[in-house]
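**Q** The structure's right below; bear with me while I get my questions together.
In UniProt numbering, the protein residues as written are 1 to 204.
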């Protein structure tokens with residue numbers, strides 16, 4: 001077993017952080033092994049480019065190395081790294097184009113209450129329908145269509161499985177804001193998939 005993988009499994013968070021501060025190369029490899037997949041996946045989903053996702057992964061660990069002395073361990077190491085990666089990806093997005101509003105974004109009343117839309121009930125369709133490559137493509141496109149503020153919450157919470165509290169730390173927002181954005185993201189995705197399934201059944 002490679003040394004980095006042994007270190008990944010054996011070292012506690014505190015021990016790994018101590019090793020990183022000593023400049024231990026195996027510790028950096030272990031940190032990449034421990035946190036790198038999520039950084040890459042989220043960056044790829046945000047930017048839509050494998051090359052840019054690789055750049056974000058490298059830039060994240062470069063910045064972490066440069067600012068390791070400033071990390072006080074108040075959050076998990078991976079949480080800190082995810083926050084760096086998110087900020088780097090967000091800067092790239094802002095350079096590309098301004099934030100746009102999705103045409104599927106829920107209509108809000110003056111009191112911020114969402115206007116519910118009539119959704120097709122697709123929960124009980126045969127399992128084979130849910131496994132089709134076409135559906136995966138539709139879901140991927142639906143995720144890409146989400147506004148960035150909703151997409152990042154959905155990716156971190158539902159795709160990567162981070163806790164609400166950890167997502168809030170990464171994004172620098174409250175847990176209530178995370179829950180609100182996650183709800184809106186799920187509703188928009190549900191609507192997109194509802195439209196897909198309604199069209200599928202109508203065409204039969």
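C-beta: ideal position from N, C-alpha, C; glycine also. Please read these numbers as outputs of a predicted model, since none were measured by experiment.
1. For residue 73, which residues of its own chain have a beta-carbon under 7 Å away from its beta-carbon, when the five flanking residues on both sides are left out?
2. How is the alpha helix (DSSP H) around residue 32 delimited, first residue to last?
3. Please report how far the alpha carbon of residue 63 lies from the alpha carbon of residue 57, in whole angstroms.
4. Taking the Cβ atom as the reference point for each residue, do residue 59 and residue 81 lie within a distance shorter than 8 Å?
5. Return yes when the Cβ of residue 68 is within less than 8 Å of the Cβ of residue 139, no when it is not.
6. Pick from 39, 191, 196: whose alpha carbon is nearest that of residue 79?
7. Cα separation between residue 156 and residue 168?
8. Restricting to runs no shorter than 3 residues, where is the beta strand (DSSP E) found entirely within the stretch 144-175?
9. From 144, 194, 164, pick the residue whose C-alpha is nearest to that of residue 180; which is it?
10. Mapping the DSSP letters down to three states, classify residue 12 as helix, strand or coil.
11. Hey, out of 84, 24, 47, whose CA is closest to residue 35's CA?
12. Hey, residue 77 and residue 160 are a contact pair by Cβ (cut 8 Å); roughly how many whole angstroms apart?
13. Relative to the C-alpha of residue 92, which candidate in 141, 53, 65, 182 has its C-alpha closest?
14. By DSSP, does residue 134 sit in helix, in strand, or in coil?
15. CA-CA distance, residue 96 and residue 47?
16. By how many angstroms is the C-alpha of residue 66 removed from the C-alpha of residue 15?
17. Are the CB atoms of residue 171 and residue 142 nearer to each other than 8 Å?
**A** In short, the structure shows the following:
1. 17
2. 25-47
3. 10 Å
4. no
5. no
6. 39
7. 10 Å
8. none
9. 164
10. coil
11. 84
12. Not really, about 15 Å apart at Cβ, beyond 8 Å.
13. 53
14. helix
15. 10 Å
16. 19 Å
17. no
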